[in-house]
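For the sequence shown, position 297 (counting from the first letter as 1) is numbered 747 according to the working numbering, and the numbering increases by one without interruption. Cβ coordinates follow ideal geometry from the N, Cα and C atoms, glycine included.
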Amino acid sequence: MLVLGIESSCDETGLALYDTERGLLAHALHSQIAMHREYGGVVPELASRDHIRRVLPLLSEVMAEAQVQSPAIDAIAFTQGPGLAGALLVGAGVANALALAWNKPVIGIHHLEGHLLSPLLADAPPAFPFVALLVSGGHTQLMRVTDVGVYETLGETLDDAAGEAFDKTAKLLGLDYPGGPAVSRLAELGTPGAIVLPRPMLHSGDLDFSFSGLKTAVLTQVRKLGSTVGEKAKADLARGFVDAAVEVLVSKSIAALKQAGLERLVVAGGVGANRQLREGLNAAAKKRRFSVHYPDLALCTDNGAMIALAGALRLARWPDQASHDYGFTVKPRWDLTTLAQ
Ligand code: KG4
Ligand code: ZN
């Protein structure tokens with residue numbers, strides 16, 4: 451089955467063609483980071499307009515790269531939510547218009563299900579069941595993934611998402627948006643232990659997270675250091691922040707594996723690209739004998755490949771989820787545990 455995937459939930463337009471026999475045939479992405487940078491964050495209206503500009507050229511690109519013509523496509527999958535309503539509407543509108551014009555079935559996909567399943571695109575994919583650590587700009591969750599569509603929340607953030615904490619810390623340190631990679635790079639120059647920040651909820655006894663206190667701790671340190679803060683102090687602070695965030699994420703992931711009685715951990719979402727987090731999880735996996743799986747770095751952040759894959763897996767199992775009714779809705783808020791099976 452050949453599925454076209456369209457992702458447009460936030461600031462990346464992603465298109466991909468995934469074939470259940472041959473794997474990922476092509477994927478193309480346009481990131482709006484440069485456009486939003488001068489505003490210090492995503493401007494929803496600009497995001498929607500840019501998706502409109504990019505989506506069809508990217509479609510031509512993936513079809514040319516895969517040497518695929520529309521008759522060969524079996525279904526179209528699009529991100530139906532959660533995300534920015536206007537941005538989602540672009541992908542949903544284009545997916546349904548193409549499906550109507552080409553007489554193909556269409557399926558709406560939950561963005562986080564795409565992230566959760568994205569490690570299955572790797573050369574050595576993990577088997578079900580596994581624990582997934584979902585760490586993105588909008589979400590921080592530990593899930594038990596029993597099978598496609600069977601997801602149980604083990605723990606989640608009570609306030610800021612991990613990516614949001616990286617982004618806000620970056621802002622406080624005067625780094626560019628999006629802050630995750632910039633904070634990570636700066637932390638490499640900092641001295642471990644020079645500034646020690648709190649590890650929120652490390653010993654809470656459950657699998658929930660809280661990152662807003664950590665962000666406030668960064669703010670307090672920035673104020674303490676004053677306006678003349680030097681590069682070294684900034685790097686030490688970035689290091690303190692990253693070490694605290696990583697320790698909490700690693701420790702709760704270990705606890706989640708224990709609670710679920712599983713030995714496979716999958717990491718997904720933008721923060722899954724973080725070098726220090728990967729180092730921390732790899733070290734823990736070696737010590738405690740569990741395996742840890744990551745999507746390719748290029749597929750950690752938002753992309754169309756994970757949406758095409760999720761669509762293909764769903765349609766293979768539940769062919770009746772294919773819709774030929776091209777009146778569409780989007781779901782800016784959508785709980786992952788309520789998905790249809
Ligand atoms: O999954 P994603 O692309 O979009 C959402 O669905 O939110 O995640 C974006 C988030 C941003 O907060 C960004 O700062 C963070 O992932 N991020 C990182 C890194 N790369 C992206 N955070 C830490 N280290 C990175 N290398
Ligand atoms: Zn995402």
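A residue is called buried when at least 16 other Cβ atoms come within 10 angstroms of its Cβ; Asp686 meets this threshold and is buried. Residue range 494 to 516 is occupied by the alpha helix (DSSP H) that includes Met513, with no beta strand (DSSP E) assigned at that position. Between the alpha carbons of Gln709 and Ile559 lies a gap of roughly 28 Å.
Under the DSSP definition of a beta bridge, Ser773 partners with Val556. In this structure, Asp752 has its CB closer than 7 Å to one or more heavy atoms of the ligand ZN. When the Cα atoms are used, Phe528 and Ala762 turn out to be separated by approximately 11 Å.
Leaving aside the five residues that flank Val512 on each side, the residues in its chain whose CB is nearer than 7 Å to its CB run, in chain order, Leu465, Ala466, Leu467, Ala476, His477, Ala478. Taking C-beta separations shorter than 6 Å and ignoring five residues to either side along the sequence, the partners of Gly599 in its chain run Leu789, Gln791, following chain order. Assigned with DSSP and collapsed to three states, Ala545 falls in helix.
The beta carbon of Thr590 sits closer than 6 Å to those of Thr607, Ala611, Ala612, Phe659, all from its chain and outside the five residues before and after it, given in chain order.
Contact between the region 721 to 733 and the region 693 to 701 is present: 3 or more CB-CB pairs across the two stretches fall below 8 Å. Under the 10 Å beta carbon count, Thr619 is surrounded by 16 or more other beta carbons and is classified as buried. Judged by the Cβ position, His501 fails to qualify as a neighbour of the ligand ZN at the 7 Å threshold, every heavy atom of the ligand being at least this far. Secondary structure note for Gly754: it is in no beta strand (DSSP E), with a DSSP letter that is neither H nor E.
From the listed residues Val721, His561, Arg714, the smallest Cα separation to Arg739 is found for Arg714. Asp775 is the residue among Asp775, Cys460, Thr751, Ser677 whose C-alpha sits nearest the C-alpha of Ala545. At the C-beta level, Ala772 and Met451 stay beyond 8 Å of one another. In its chain, beyond the 5 residues on either side, Leu623, Leu636 have a beta carbon closer than 7 Å to the beta carbon of Lys684. Glu729 sits in a helix when the DSSP states are folded into three classes. If you draw a straight line from the Cα of Pro769 to the Cα of Ala525, it is about 11 Å long. Judged by DSSP secondary structure, His486 falls within the alpha helix (DSSP H) whose first and last residues are 483 to 487.
Ranking His480, Gly455, Leu454 by CA distance to the CA of Asp461 puts His480 first. Within the chosen limit of 7 Å, the ligand ZN does not reach the beta carbon of Ser481 with any heavy atom. When C-alpha distances from Leu567 are compared across Pro555, Ile557, Thr641, Phe580, the shortest belongs to Phe580. Inclusion of Gly719 in the 7 Å shell around the ligand ZN follows from its C-beta lying nearer than that to a non-hydrogen atom of the ligand. For Ser586, the CB falls within less than 7 Å of some heavy atom of the ligand ZN. Approximately 7 Å separates the beta-carbon atoms of Phe578 and Val595; this is inside 8 Å, confirming the contact.
In the three-state scheme derived from DSSP, where H, G and I count as helix and E and B as strand, Arg714 is classed as strand.
Thr603: member of the beta strand (DSSP E) spanning 600 to 606, first to last residue. Short of 7 Å from the beta carbon of Ala632, and not among the five residues preceding or following it, lie these beta carbons of its own chain, in chain order: Ala620, Leu625, Asp626. In the three-state scheme derived from DSSP, where H, G and I count as helix and E and B as strand, Glu681 is classed as helix. Remark: the shortest separation between the CB of Gly473 and any heavy atom of the ligand KG4 does not fall under 7 Å. In the DSSP assignment, Gln671 falls within the unbroken alpha helix (DSSP H) covering 662 to 675.
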